[in-house]
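Student:
Number of protein chains: 2
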Amino acid sequence: MTILNTNNNDFYKKFKYNVKDAVEALKKEFGQQFSISQSVREQHTSTTTVHKPELPDGVVFAHNKEDVQKTVQICSEHGCPIIPFGVGSSLEGHLNANFGGISIDMNNLNNIIEVHPEDSTVVVQPGVTREQLNIHLRDTGLFFPIDPGANASIGGMASTRASGTNAVRYGTMKDNIISLEVVMPDGEIIKTASRARKSSAGYDLTRLIIGSEGTLGVITEITLKLYGIPEEIGAGRCTFPTVKDATDAVIMTIQAGIPVARIELLDIAQVKAVNNYSKLNLPESPLLLLEFHGSKSSVQEQSELFSEISKDFGGDNFEWNSNVDERNRLWKARHDVYYAVKACRPDADYIATDVCVPISRLSECISETIKDLEQNDLFGPLVGHVGDGNFHVQLMIDPKKQNEVDVANGFLERLAHRAISMDGTCTGEHGVGQGKKQYLVDELGPAVDFMKLIKEEIDPKGIMNPGKIL
Amino acid sequence: MTILNTNNNDFYKKFKYNVKDAVEALKKEFGQQFSISQSVREQHTSTTTVHKPELPDGVVFAHNKEDVQKTVQICSEHGCPIIPFGVGSSLEGHLNANFGGISIDMNNLNNIIEVHPEDSTVVVQPGVTREQLNIHLRDTGLFFPIDPGANASIGGMASTRASGTNAVRYGTMKDNIISLEVVMPDGEIIKTASRARKSSAGYDLTRLIIGSEGTLGVITEITLKLYGIPEEIGAGRCTFPTVKDATDAVIMTIQAGIPVARIELLDIAQVKAVNNYSKLNLPESPLLLLEFHGSKSSVQEQSELFSEISKDFGGDNFEWNSNVDERNRLWKARHDVYYAVKACRPDADYIATDVCVPISRLSECISETIKDLEQNDLFGPLVGHVGDGNFHVQLMIDPKKQNEVDVANGFLERLAHRAISMDGTCTGEHGVGQGKKQYLVDELGPAVDFMKLIKEEIDPKGIMNPGKIL
Numbered sequence: 002m003t004i005l006n007t008n009n010n011d012f013y014k015k016f017k018y019n020v021k022d023a024v025e026a027l028k029k030e031f032g033q034q035f036s037i038s039q040s041v042r043e044q045h046t047s048t049t050t051v052h053k054p055e056l057p058d059g060v061v062f063a064h065n066k067e068d069v070q071k072t073v074q075i076c077s078e079h080g081c082p083i084i085p086f087g088v089g090s091s092l093e094g095h096l097n098a099n100f101g102g103i104s105i106d107m108n109n110l111n112n113i114i115e116v117h118p119e120d121s122t123v124v125v126q127p128g129v130t131r132e133q134l135n136i137h138l139r140d141t142g143l144f145f146p147i148d149p150g151a152n153a154s155i156g157g158m159a160s161t162r163a164s165g166t167n168a169v170r171y172g173t174m175k176d177n178i179i180s181l182e183v184v185m186p187d188g189e190i191i192k193t194a195s196r197a198r199k200s201s202a203g204y205d206l207t208r209l210i211i212g213s214e215g216t217l218g219v220i221t222e223i224t225l226k227l228y229g230i231p232e233e234i235g236a237g238r239c240t241f242p243t244v245k246d247a248t249d250a251v252i253m254t255i256q257a258g259i260p261v262a263r264i265e266l267l268d269i270a271q272v273k274a275v276n277n278y279s280k281l282n283l284p285e286s287p288l289l290l291l292e293f294h295g296s297k298s299s300v301q302e303q304s305e306l307f308s309e310i311s312k313d314f315g316g317d318n319f320e321w322n323s324n325v326d327e328r329n330r331l332w333k334a335r336h337d338v339y340y341a342v343k344a345c346r347p348d349a350d351y352i353a354t355d356v357c358v359p360i361s362r363l364s365e366c367i368s369e370t371i372k373d374l375e376q377n378d379l380f381g382p383l384v385g386h387v388g389d390g391n392f393h394v395q396l397m398i399d400p401k402k403q404n405e406v407d408v409a410n411g412f413l414e415r416l417a418h419r420a421i422s423m424d425g426t427c428t429g430e431h432g433v434g435q436g437k438k439q440y441l442v443d444e445l446g447p448a449v450d451f452m453k454l455i456k457e458e459i460d461p462k463g464i465m466n467p468g469k470i471l
Numbered sequence: 002m003t004i005l006n007t008n009n010n011d012f013y014k015k016f017k018y019n020v021k022d023a024v025e026a027l028k029k030e031f032g033q034q035f036s037i038s039q040s041v042r043e044q045h046t047s048t049t050t051v052h053k054p055e056l057p058d059g060v061v062f063a064h065n066k067e068d069v070q071k072t073v074q075i076c077s078e079h080g081c082p083i084i085p086f087g088v089g090s091s092l093e094g095h096l097n098a099n100f101g102g103i104s105i106d107m108n109n110l111n112n113i114i115e116v117h118p119e120d121s122t123v124v125v126q127p128g129v130t131r132e133q134l135n136i137h138l139r140d141t142g143l144f145f146p147i148d149p150g151a152n153a154s155i156g157g158m159a160s161t162r163a164s165g166t167n168a169v170r171y172g173t174m175k176d177n178i179i180s181l182e183v184v185m186p187d188g189e190i191i192k193t194a195s196r197a198r199k200s201s202a203g204y205d206l207t208r209l210i211i212g213s214e215g216t217l218g219v220i221t222e223i224t225l226k227l228y229g230i231p232e233e234i235g236a237g238r239c240t241f242p243t244v245k246d247a248t249d250a251v252i253m254t255i256q257a258g259i260p261v262a263r264i265e266l267l268d269i270a271q272v273k274a275v276n277n278y279s280k281l282n283l284p285e286s287p288l289l290l291l292e293f294h295g296s297k298s299s300v301q302e303q304s305e306l307f308s309e310i311s312k313d314f315g316g317d318n319f320e321w322n323s324n325v326d327e328r329n330r331l332w333k334a335r336h337d338v339y340y341a342v343k344a345c346r347p348d349a350d351y352i353a354t355d356v357c358v359p360i361s362r363l364s365e366c367i368s369e370t371i372k373d374l375e376q377n378d379l380f381g382p383l384v385g386h387v388g389d390g391n392f393h394v395q396l397m398i399d400p401k402k403q404n405e406v407d408v409a410n411g412f413l414e415r416l417a418h419r420a421i422s423m424d425g426t427c428t429g430e431h432g433v434g435q436g437k438k439q440y441l442v443d444e445l446g447p448a449v450d451f452m453k454l455i456k457e458e459i460d461p462k463g464i465m466n467p468g469k470i471l
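Going down the list, the protein sequences come from chains A and B. Numbering of the first sequence is given in the numbering used here, commencing with residue 2 and proceeding in unit increments. Numbering of the second sequence is given in the numbering used here, commencing with residue 2 and proceeding in unit increments.
1) So that I know if they touch, is there some Cβ in chain A lying closer than 7 Å to that of B:CYS345?
2) Looking at the secondary structure, which residues open and close the alpha helix (DSSP H) in which A:MET452 lies?
3) Answer yes or no: do B:ILE105 and B:CYS81 have a C-beta to C-beta separation smaller than 7 Å?
4) Just grab the DSSP bridge partners of B:TRP321 for me.
5) Hey, B:LEU266 and B:LEU289: beta-carbon distance below 7 Å or not?
6) Considering only DSSP beta bridges, list what B:THR130 is partnered with.
7) Could you check whether A:ILE155 and A:ILE210 sit closer than 7 Å to each other, using their CB atoms as the reference points?
8) The beta strand (DSSP E) spanning A:ASN391 covers which residue range?
9) Once the 5 residues before and after A:PHE12 are set aside, which same chain residues still bring their CB inside 7 Å of it?
10) Hey, is A:GLN435's beta-carbon within less than 7 Å of any beta-carbon in chain B?
11) Going by DSSP, what residue range makes up the alpha helix (DSSP H) through B:VAL300?
12) Is the shortest distance between the beta-carbon of B:ILE464 and the beta-carbons of chain A less than 7 Å?
13) Please name the residue, chosen from A:ARG196, A:HIS79, A:VAL129, A:ARG238, that lies closest to A:PHE86 on a Cα-to-Cα basis.
14) Assign B:ARG263 to one of two classes, buried (16 or more other C-beta atoms within 10 Å of its C-beta) or exposed (fewer than that).
15) Starting from the Cα of A:GLN39, find the closest Cα among A:PRO260, A:HIS336, A:PRO54, A:LEU396 and give me that residue.
16) Whole angstroms are fine: how far does the CA of B:HIS95 sit from the CA of B:PRO467?
17) Would B:ALA202 and A:GLU444 qualify as a contact pair, given that the criterion is a beta-carbon distance under 7 Å?
18) How would you call B:ASP317, buried or exposed, if buried means at least 16 neighbouring beta carbons within 10 angstroms?
19) List, in order along the chain, the chain B residues whose C-beta lies closer than 9 Å to that of A:GLN256?
20) Only counting the same chain, and skipping five residues up and downstream in sequence, which positions put a Cβ closer than 6 Å to that of A:PHE380?
21) Let me know the secondary structure DSSP gives A:MET107 once reduced to three states.
22) Kindly indicate which three-state DSSP category B:VAL387 falls into: helix, strand or coil?
23) Taking 7 Å as the CB-CB limit, is A:ALA159 close to chain B?
24) Roughly how many whole angstroms lie between the Cα atoms of B:SER311 and B:ASN276?
25) Taking B:HIS418 as part of the alpha helix (DSSP H), name the residues at either end of that continuous run.
26) Among A:LEU27, A:ALA63, A:LEU143, which has the Cα closest to the Cα of A:ILE75?
27) What residue range does the alpha helix (DSSP H) around B:VAL342 cover?
28) How would you label B:LYS199, buried or exposed, when you count the other beta carbons within 10 angstroms and need 16 or more for buried?
29) Between which residues of its own chain and A:TYR339 is the CB-CB distance below 6 Å, once the five residues before and five after are set aside?
30) Considering only residues of the same chain and omitting the five flanking positions on each side of B:PHE314, which have a CB-CB separation below 8 Å?
31) Report buried or exposed for B:GLU214, applying the criterion of at least 16 other Cβ atoms within 10 angstroms of its Cβ.
32) Interface residues of chain B around A:SER213 at Cβ under 9 Å?
33) I'd like to know if A:SER361 contacts chain B, where contact means its C-beta is closer than 7 Å to some C-beta of that chain.
34) Along the chain, where does the alpha helix (DSSP H) containing A:SER40 start, and where does it finish?
35) Going by DSSP in three states, B:MET2 sits in which element: helix, strand or coil?
36) My output table needs one value for B:PHE31: the three-state DSSP class, helix, strand or coil.
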């Protein structure tokens, strides 16, 4: 099957790689901490979506930053690709070794180094997962809000500039990382910023590394912003006659300044998939799921205001409550959409999509996209972080049917170009990875040349996660 | 007088500049739009602080992005420095032509190009000032919150990664710019991002340009986030026995999740200066000025919560009200601290300082700094964006007294190193400019080498605002 434009690696052709000598040197250096077994290598590649797994030649299990530095030094010496690995939940082929090379498994760098409750900051190693972090923080009354669904590693979330359901209120990883420690491609360890909450100290290397998908260095430490756990959390759901009604209600909600914490859209196909997988009885109509954070009275006020707005757009059955179990059940169902969709067509391959447009264009973009799906007889339930204008069509394709594959490829290209033509982006939160390199050029044109300049200057041997972004 | 370490330009020595031929070519190209008159040149340099004015050789009055591009092309061809100029309110010598060259006056690029109320975004030219923008937006119910005090240009605010009094709630320029259009040093015009509210599309060139102080390109268009004008704005003030009590109250306020919009500290010397200049009768004790944004009930709730907290820390006379005139009078006084301090010693030179530390270290940092001032008999009222850990000692120095100058230089160095030793930064919002290059190295060490790599690659002739940051 040839699906997705993953093989355009022209930019990387100039680099000459030598994996063999690096493998020998790493064996000698790391002993038991280095593995070339087939099963270990198979676990350290991209397996979540249609991107074909491409195995690394070996895996270093790093225990500390010195291991990372040593690995980078050895790989730099020999010109060997390095692919940092967290929990493997990336959706864009980031973990594939398309030029061979070494995967660095960061899971043992999982210490929460320092919690600073007075500053609402925490310093963590990259292998810490977001659930681990929030369990650790519970007694402090603080939490880390960014929630991409999967229990991803913080390092991975930084590398893809992840966001998820909470971004409409709390922003994305770029807004919530204060500082990074990074092993650069020459093996030097740098700190990108102080722990001050704001700074004008030189170029923003923190934000340059965030979202660089492992192509500029390996993150070894992350300083994050934290937030007080809200006194009250209220969740709600509301069905609408059409997707346009739902998105218009979202626009009005945001314009009214209601500080909604989450506002998620499920289209009819997605509601059906969720009902089926999570044993729910949601009405089969476009659905908004909401969450409000604040004091008791503020949550009450927010939900009442939203209720009023929703009625203006035909919203029906707005239900809300602060019951933790109810709320968790609803959001568990939301977070399980990946599995819910997969369960609909167990033999098919999953393709993630991730466009994001200005919210004024959202209903138009979604409507055209649903029409495109229907006209081409494609199955792709839709879920959206509509407060940000970001939505995912979760395409399920039978890889054995070449016709279906061809139709899907056409759909993917039209979807990206539709978003770009509406002044949006081909990727709101998953990253470019292997599959969207051409769309990045379509979107930003000559700006990509400056990205290449930066890459070549910082990583002159091209060893950091080659084949991604550029 | 030798004050501040402004003359360390080692990094820039490798570049060879040729101003003369560029001036001739610009004369030919721009006619009346180009001036070499002494008075015009004197208006296009740094005049706000102790940084010695260094005049450009000529000034281009750009009318549109094509003028900017043409100027950059001509200067690039001849290897002539270019210094973008907004309203001149920078505090770190950014507008000085320390290698000669051309100032580009951006004030005629002052169009508000597109307001998108549904998206809460606006596209502006860099010469638009923040007051102009907010007057223009008034009828839409939206506003742009970043407020550095001065009526700065949006382009200048982007270039220094400005923030100001509202940052504790709304973030800084880095958090509120969606996309930039930039004329790069080779004359190419790039767009750094789409207009989507979030994106994972490649390296974050938007944030790389923000805070780069004109050293990587000239900004010609800026897409900003907007916010709904709050239904209610309440302002308050509260005096405390000590600076430590005031900052402890701030820490508790933020930990309690009170979404305070502004929270500013004035020390006793600053209160005295403000009383004198703005004809107020504020109690002569450390003072917090606050502002709350939200619905009527939310503002009421926030101010009540703060009132409770303040009492725990000896806060006295917490007064708050939503009266617009009262509020404006209070904030006008806050914004006039620059003039209030200058009025205390009309013959002295003003030196801005700008450290920012984790908030847990703030009272310690401020206390040590005030002690340092007292021990050295220096006059420097203090004002702080304490919600962010950022404060300014506004030093007034008689440039004719070499002893005072020497003592001030020592104080400045100790202040920067004090903040750095507390995991803070030498600049929270003013930028590095001419005076903090050594402190940037002290703060971030080898990371600065990567900033230099980026600068050399993007601007190989070193023409963009040389002598700043690096």
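Even glycine gets a Cβ: it sits at the ideal position worked out from N, Cα and C.
Tutor: Per the coordinate set shown:
1) The residue given as residue 345 of chain B occupies position 344 in the second sequence. No, its Cβ sits nowhere closer than 7 Å to a Cβ of chain A.
2) Here residue 452 of chain A is taken as the residue at index 451 of the first sequence, counted from 1. Counting along the chain, the alpha helix (DSSP H) containing A:MET452 begins and ends at 448-459.
3) Stepping through the second sequence from its first residue, residue 105 of chain B is reached at position 104. Stepping through the second sequence from its first residue, residue 81 of chain B is reached at position 80. Going by C-beta atoms, B:ILE105 is not nearer than 7 Å to B:CYS81.
4) Along the second sequence, one-based indexing puts residue 321 of chain B at 320. B:GLY237.
5) Here residue 266 of chain B is taken as the residue at index 265 of the second sequence, counted from 1. Here residue 289 of chain B is taken as the residue at index 288 of the second sequence, counted from 1. A contact, by the Cβ cut-off of 7 Å.
6) On the second sequence, residue 130 of chain B is found 129 positions in, with the first residue counted as 1. B:SER154, per the DSSP bridge assignment.
7) In the first sequence, counting from the first residue as 1, residue 210 of chain A sits at position 209. In the first sequence, counting from the first residue as 1, residue 155 of chain A sits at position 154. No. Outside cutoff.
8) Position 390 of the first sequence, counted from the start, is the residue given in the question as residue 391 of chain A. Where A:ASN391 is concerned, the enclosing beta strand (DSSP E) stretches over 391-394.
9) Residue 12 of chain A sits at position 11 when you count from the first residue of the first sequence. Within the same chain, A:PHE12 has close Cβ partners LYS453, LEU471.
10) Here residue 435 of chain A refers to the residue found at position 434 of the first sequence. No, A:GLN435 does not count as interfacial toward chain B.
11) The sequence position of residue 300 of chain B within the second sequence is 299, counting from 1. Annotation for B:VAL300: the continuous alpha helix (DSSP H) segment containing it runs 297-313.
12) The residue labelled residue 464 of chain B in the question sits at position 463 within the second sequence. Cβ-Cβ to chain A under 7 Å: no for B:ILE464.
13) Walking along the first sequence from the start, residue 86 of chain A turns up at place 85. Considering only alpha carbons, the answer is A:VAL129.
14) On the second sequence, position 262 is the one that residue 263 of chain B refers to. So B:ARG263 counts as buried.
15) Residue 39 of chain A sits at position 38 when you count from the first residue of the first sequence. The option with the nearest alpha carbon to A:GLN39 is A:PRO54.
16) For the purposes of this step, residue 467 of chain B is taken as the residue at position 466 of the second sequence. For the purposes of this step, residue 95 of chain B is taken as the residue at position 94 of the second sequence. One C-alpha to the other measures close to 9 Å.
17) Residue 202 of chain B sits at position 201 when you count from the first residue of the second sequence. Residue 444 of chain A sits at position 443 when you count from the first residue of the first sequence. It is a contact, given that the beta carbons lie within the stated cut-off.
18) As a first step, residue 317 of chain B is located in the second sequence; it is residue number 316 there, counting from the start. With fewer than 16 other Cβ atoms within 10 Å, it is exposed.
19) Translated into positions along the first sequence, residue 256 of chain A becomes position 255. Ordered by position in chain B, the residues that pass the 9 Å Cβ test against A:GLN256 are PRO118, GLU119, SER121, GLY142, LEU143, GLY229.
20) For this step, residue 380 of chain A is matched to residue 379 along the first sequence. In its chain, beyond the 5 residues on either side, MET397 have a beta carbon closer than 6 Å to the beta carbon of A:PHE380.
21) Sequence index remark: in the first sequence, residue 107 of chain A carries index 106 (1-based). DSSP places A:MET107 in coil when its eight states are reduced to three.
22) Indexing the second sequence from 1 puts residue 387 of chain B at position 386. Coil at B:VAL387, not helix or strand.
23) By 1-based counting over the first sequence, the position of residue 159 of chain A is 158. No - not a single Cβ of chain B is within 7 Å of the one on A:ALA159.
24) Within the second sequence, residue 311 of chain B is the residue found at index 310, counting from 1. Within the second sequence, residue 276 of chain B is the residue found at index 275, counting from 1. Their backbone Cα atoms lie some 23 Å apart in a straight line.
25) Within the second sequence, the letter at position 417 stands for residue 418 of chain B. Start and end: 403-422.
26) Working through the first sequence from its first residue, we reach residue 75 of chain A at position 74. Checking every option, the nearest Cα to that of A:ILE75 belongs to A:LEU27.
27) In the second sequence, the residue the question calls residue 342 of chain B occupies position 341. Its alpha helix (DSSP H) spans residues 338-345.
28) Locating residue 199 of chain B in the second sequence gives position 198, where the first residue counts as 1. So B:LYS199 counts as buried.
29) Residue 339 of chain A sits at position 338 when you count from the first residue of the first sequence. Cβ neighbours of A:TYR339 beyond the five flanking positions: none.
30) Position 313 of the second sequence holds residue 314 of chain B. Closer than 8 Å at Cβ, skipping near neighbours: PHE241, ASP246, ALA247, ASP249, ALA250, MET253.
31) To locate residue 214 of chain B, count along the second sequence from 1; it is residue 213. Flag for B:GLU214 reads buried.
32) Start at 1 with the first residue of the first sequence, and residue 213 of chain A comes out as number 212. Simply GLY203, TYR204, ASP205.
33) In the first sequence, counting from the first residue as 1, residue 361 of chain A sits at position 360. Contact with chain B is found for A:SER361, since one of that chain's Cβ atoms lies less than 7 Å from the residue's Cβ.
34) As a first step, residue 40 of chain A is located in the first sequence; it is residue number 39 there, counting from the start. It spans 39-44 - the alpha helix (DSSP H) in which A:SER40 sits, taken as one unbroken run.
35) Taking the first residue of the second sequence as 1, we reach residue 2 of chain B at position 1. Model confidence at B:MET2 stands at a pLDDT of 45, short of 50, so the residue's coordinates are unreliable; what they give is reported in the following sentence. The answer is coil: DSSP assigns B:MET2 none of H, G, I, E or B.
36) The residue you call residue 31 of chain B lines up with position 30 of the second sequence. In the structure shown, B:PHE31 sits in a helix (DSSP, three-state: H, G or I).
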